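S.K.: The structure follows.
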Amino acid sequence: MISKNLLTYIPDFLELCRSVGDIQLNGQNNLNINMKSDNSPVTNIDLRSNEIITNYLSTTFVNDVIISEENVNQYGHQKAYWLVDPIDGTKNYIKGGKNFCICISYIVSGYPVFGIIYIPASNEFYYASKDNGAYIIKQGIEAQRILNSVETKRNIYVSTVIRKNVVDILKKHFKTSELIYMSSAIKFTRIAESKGHFSMRLGPTHEWDTAAGQCIIEECGGFFLNRNLNRFSYGHDDKFLNGPFFIINGNLDSHENCIKECLSLI
């Protein structure tokens, strides 16, 4: 299925995400929490959200492979497949915070061609498809295209588990930038909206953590790069693990020295 055809399903995806988002908001104070084999938490709401989203995908796109954080199957990497993270930011969600989101993406030949990030707490629905732009839908407002601004804010979005020596490098290269700590994929939407110029991660993540955000950022004119400063791609690891990545909204050359110094820490 090509990404342009997927745009016809946006009303359905919007309804799906809002419905699941309501379940997440209403269930946030009544959680059953267990630990997965990788020692990360999973809640009853994660599992319920996953069930609803994957059921929709499997009945709507009958022949498609669906890979989810909560039920990684044994398909291995295919030419095309869906990626689902029903609650990205589970730790914040468990604490009663608002920094969590739903991520859905579609990969073709190693690259995301369709991506959705929905933020239940603010009812913000971001979506993008290859060569068709990126958009946001807010409550009561029709879809608005997200355009890369020449006045990008000097914020840097980093993970809450970032190492101090990486922080020191960022502060050295970008003295006027403010570091904003955020572990969920919401940070990708903020960079797409030109509310920040840089983000990065040296440590491990999974494909479902990044693919939707990559599609949105690239359709806004930003860069989502691997350690060789080439376009970030998927399908390289049987456990769906990502390598280091760097996100730039702005000029690549002005970030290159910082990236190289960060990579020297690996």
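In this note's numbering, the protein residues as written are -14 to 251.
Just so it is clear, CB atoms sit at the ideal spot from N, CA and C, and this is done for glycine as well.
Model, not experiment: these values are computed from the prediction.
1) Which residue's Cα is closest to the Cα of Glu163: Leu237, Asp70 and Phe183?
2) Note down, in chain order, each residue of its chain lying with its Cβ closer than 8 Å to the Cβ of Ile201, except the 5 sequence neighbours on either side.
3) Using the Cα positions of Gly207 and Lys180, report the straight-line distance between them to the nearest angstrom.
4) Could you tell me the boundaries of the alpha helix (DSSP H) in which Thr195 lies?
5) Can you tell me where the alpha helix (DSSP H) with Ser239 in it begins and where it stops?
6) Under 8 Å Cβ to Cβ from Ser168, same chain only, skipping five residues before and after it: list those, please.
7) Assign Pro229 to one of two classes, buried (16 or more other C-beta atoms within 10 Å of its C-beta) or exposed (fewer than that).
8) Measuring CB atoms only, is the region 15 to 33 touching the region 82 to 97, in the sense that at least three cross pairs come out at less than 8 Å?
9) In the DSSP assignment, the beta strand (DSSP E) including Asp153 goes from what residue to what residue?
10) Name the DSSP bridge partner or partners of Thr28?
11) The alpha helix (DSSP H) spanning Gly181 covers which residue range?
12) For Ile233, tell me which candidate among Ile(-5), Lys138 and His191 has the shortest Cα-Cα distance.
13) Please classify Gln259: does DSSP put it in a helix, a strand, or coil?
14) Which parts of the region 55 to 127 are runs of the beta strand (DSSP E), unbroken and 3 residues or longer, counting only runs that do not cross its ends?
15) What residues in its chain sit with their C-beta under 6 Å from that of Ala106, if we drop five residues either side in the sequence?
16) Give the secondary structure of Thr234 by DSSP, where H, G and I count as helix, E and B as strand, and everything else as coil.
17) Use the C-beta contact count for Glu136: other C-beta atoms within 10 angstroms, 16 or more gives buried, fewer gives exposed.
18) Are the beta-carbon atoms belonging to Glu192 and Leu68 less than 8 Å from one another?
19) Which residue comes first and which comes last in the alpha helix (DSSP H) that contains Phe173?
20) Between Ile165 and Tyr142, is the Cβ-Cβ spacing less than 8 Å?
M.R.: Working from what's here:
1) Phe183
2) Gly100, Ile102, Tyr111, Tyr112, Ala113, Ala119, Ile131, Phe173, Thr174 and Ala177
3) 12 Å
4) Glu192 to Glu204
5) Asp238 to Leu248
6) Gly74, Lys76, Asn77, Asn84, Ser144, Thr145 and Val146
7) buried
8) no
9) That residue, Asp153, is in no beta strand (DSSP E); its alpha helix (DSSP H) goes Lys149 to His158.
10) Ile18
11) Counting along the chain, Gly181 falls outside any alpha helix (DSSP H), and DSSP gives it neither H nor E.
12) Lys138
13) The requested residue 259 does not occur in the structure, where the chain is confined to residues -14 to 251.
14) 65 to 73, 86 to 93, 96 to 104, 109 to 114 and 119 to 122
15) Lys83
16) According to the sequence provided, residue 234 is Asn. The question's Thr does not apply to it. Coil at Asn234, not helix or strand.
17) exposed
18) yes
19) Ile171 to Ala177
20) yes
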